[in-house]
């Protein structure tokens, strides 16, 4: 099972192999170099990696002998006559900054209102209230 966390570009790899003594993940995201996974409870193996946005092929290697794919991801044919799993890591969405009035701007408006004799500008908080009829 794969979980992708798009904001922080972390990918959680999880593979079920209860009888395995070792599981590694290899893929395009690291030049096909093996990275050992950690044995968790009930036969699950887990690993979290920081991965740059993109689409990557990968596989699991169990006990340095058996190649396996992730059943929760799509697969593509590889040059060896089998298939590789595919994970897509999306681009990080930039947070848009909300338009707000700063304290400095508020003070300036208040000072201008005092000079001109206008009413002090009201500070709005939350949703506007409906007027009672």
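In the working numbering, the protein residues as written are 297 to 429.
Using N, Cα and C, we set each Cβ at its ideal position, and we do this for glycine too.
Expressed to the nearest angstrom, what Euclidean distance is found between the alpha-carbon atoms of residue i and residue j?
| i | j | result |
| --- | --- | --- |
| residue 367 | residue 297 | 7 Å |
| residue 310 | residue 355 | 12 Å |
| residue 363 | residue 357 | 5 Å |
| residue 372 | residue 325 | 16 Å |
| residue 336 | residue 317 | 12 Å |
| residue 314 | residue 369 | 20 Å |
| residue 382 | residue 339 | 23 Å |
| residue 349 | residue 312 | 26 Å |
| residue 405 | residue 305 | 43 Å |
| residue 395 | residue 359 | Because residue 395 carries a pLDDT of 48, less than 50, the predicted location of this residue cannot be relied on, and no value is offered for it. |
| residue 387 | residue 365 | 24 Å |
| residue 403 | residue 411 | 12 Å |
| residue 345 | residue 407 | 53 Å |
| residue 361 | residue 343 | 19 Å |
For a quick check, are the C-beta atoms of residue i and residue j less than 8 Å apart?
| i | j | result |
| --- | --- | --- |
| residue 352 | residue 327 | no |
| residue 321 | residue 347 | no |
| residue 341 | residue 319 | yes |
Report buried or exposed for residue i, applying the criterion of at least 16 other Cβ atoms within 10 angstroms of its Cβ.
| i | result |
| --- | --- |
| residue 392 | For residue 392, the pLDDT reaches just 46, beneath the cut-off of 50, and the residue's location in the model is therefore unreliable, although a value from the coordinates is still provided. With fewer than 16 Cβ atoms within 10 Å of its Cβ, residue 392 is classed as exposed. |
| residue 397 | Bear in mind that a pLDDT of 49 at residue 397, under 50, signals an unreliable position, so the model cannot answer this. |
| residue 409 | exposed |
Just checking residue i against the ligand MN - is the residue's beta carbon closer than 7 Å to any of the ligand's heavy atoms?
| i | result |
| --- | --- |
| residue 376 | Questions concerning the ligand MN fall outside what the structure shown contains, since it holds no ligand whatsoever. |
Sufficient close CB pairs (3 or more, under 8 Å) joining the stretch 328-345 to the stretch 369-386: no
Length-filtered (3 minimum) beta strand (DSSP E) runs lying within the stretch 297-371: 298-301, 306-312, 319-323, 340-346, 350-358, 362-364
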